[in-house]
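Residue numbers are given in full-length UniProt numbering: position 228 of the sequence shown equals residue 228, and the series is strictly consecutive. Ideal Cβ positions, reconstructed from N, Cα and C, are used throughout, including at glycine. Because the structure is a prediction, the values reported are computed rather than measured. Everything on this sheet refers to the single structure shown next.
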Amino acid sequence: MFDWNSESIRWFEEAAEHTRFYKDIVNLTKNYIRECDTVLDIGCGTGRLSIELSKIVKQVYAIDISEEVINYLKEKCKKNNINNLYTFIGDWRNLNIDIEKFDAIFMCYMGCIYEELEKLMLMTKKFLIMILPEDNKTNTFCLNNFISEFKKEIKDTAKEYISFLLKQKIEFIAIDHECEFGQPFTNQQELKKFIYYYYGGDVWKLVENIVDKILIKKESGYYLPNIRKSKIIIIKNREE
1 MFDWNSESIR WFEEAAEHTR FYKDIVNLTK NYIRECDTVL DIGCGTGRLS
51 IELSKIVKQV YAIDISEEVI NYLKEKCKKN NINNLYTFIG DWRNLNIDIE
101 KFDAIFMCYM GCIYEELEKL MLMTKKFLIM ILPEDNKTNT FCLNNFISEF
151 KKEIKDTAKE YISFLLKQKI EFIAIDHECE FGQPFTNQQE LKKFIYYYYG
201 GDVWKLVENI VDKILIKKES GYYLPNIRKS KIIIIKNREE
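Next comes the structure, spelled out in structure tokens:
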């Protein structure tokens with residue numbers, strides 16, 4: 001589970017303000033979800049994808065196991081007068097609402113998709129849509145380009161999952177999605193806190209000597225670039 005707290009929420013929201021990642025996901029899938037009335041966003045986080053979905057579907061249900069991030073999303077919906085987005089705290093497996101099946105289910109950068117696939121397909125009328133990292137090299141803020149010792153294990157990549165679907169003879173559509181999703185900072189000390197939080201002190205020891213190479217100076221501070229390469233995998237319910 002991703003550890004949401006006030007600082008990680010702030011970092012994520014600041015990064016999300018500078019990317020089209022979620023808008024593009026909706027644009028790339030709108031031909032599939034245009035006729036959907038109910039959509040479930042599993043592992044919704046701060047609700048960036050849920051809010052974009054709420055602009056084109058009637059009802060969006062957003063669930064996350066983190067109470068802190070759901071409370072944040074509730075306040076954001078209230079502030080922006082979003083009335084068709086409903087939030088839930090807990091595990092999606094235990095979701096208890098008066099909807100037998102959703103028209104579509106989204107899972108963005110989530111795990112547990114192998115053994116849970118059958119259950120997920122039983123919960124959707126039309127589509128299961130998963131957004132996964134293309135491979136285990138994506139979303140590393142280009143640190144692996146500068147530090148040969150840097151390694152970040154990413155589970156459940158699109159490459160692995162597509163192989164799984166092919167072996168299971170499950171039909172799917174895969175859409176490439178590449179987008180800048182970097183991280184702004186007000187100062188270099190904040191970069192240090194960020195690296196410590198996500199990667200640990202050992203990585204910072206490798207990073208601190210190349211800060212000038214990896215950071216881009218901006219008027220408002222600094223920016224750590226990152227190209228997020230993903231695939232949007234769409235599985236259609238065979239009963240549809």
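| query | result |
| --- | --- |
| So if DSSP puts residue 106 in a beta bridge, which residue, or which two residues, is it bridged to? | 41 and 129 |
| In three-state DSSP terms, what is residue 183? | strand |
| According to the neighbour-count rule (16 or more other Cβ atoms, all chains shown, within 10 Å of its Cβ), is residue 122 buried or exposed? | exposed |
| On the DSSP bridge list, what partners appear for residue 59? | 38 |
| Check each candidate in 108, 180 and 219 and name the one with the smallest Cα separation from residue 17. | 180 |
| Measuring alpha carbon to alpha carbon, tell me which residue in 85, 221, 235 and 172 is nearest residue 46. | 85 |
| Taking all protein chains shown into account, decide if residue 235 is buried (16 or more other Cβ within 10 angstroms of its Cβ) or exposed. | buried |
| Pick out the complete beta strand (DSSP E) segments inside the stretch 153-228, 3 residues or longer, and give them in chain order. | 173-180, 183-185, 216-218 and 221-224 |
| Less than 8 angstroms between the beta carbons of residue 92 and residue 42, yes or no? | yes |
| Are the beta-carbon atoms belonging to residue 237 and residue 169 less than 8 angstroms from one another? | no |
| Pair every Cβ in the stretch 25-37 with every Cβ in the stretch 3-11, then say whether three or more of these pairs are closer than 8 angstroms. | no |
| Would you say residue 109 lies against chain B (beta-carbon separation less than 8 angstroms)? | Judged by its chain identifiers, the structure shown contains no chain B, having just a single protein chain. |
| Where do the ends of the alpha helix (DSSP H) carrying residue 12 lie? | 6-16 |
| Please look up how many angstroms separate the CB atoms of residue 109 and residue 133, rounded, as I've assumed it's under 8 angstroms. | 7 angstroms |
| Considering Cα atoms alone, identify which of 25, 40 and 221 is closest to residue 105. | 40 |
| For residue 141, which three-state DSSP category applies? | coil |
| Quick one: residues in its chain with C-beta nearer than 6 angstroms to the C-beta of residue 183, no 5 flanking neighbours on either side, listed in chain order? | 15 and 224 |
| Does DSSP classify residue 21 as helix, strand or coil? | helix |
| Enumerate in chain order the residues of its own chain whose CB-to-CB distance from residue 174 is below 6 angstroms, with the five nearest sequence positions on each side excluded. | 231 and 233 |
| Exposed or buried, which one is residue 6 when buried takes at least 16 other CB atoms within 10 Å? | exposed |
| Excluding the 5 residues preceding and the 5 following residue 55 in the sequence, name in chain order all residues of the same chain whose CB lies nearer than 8 angstroms to its CB. | 26 |
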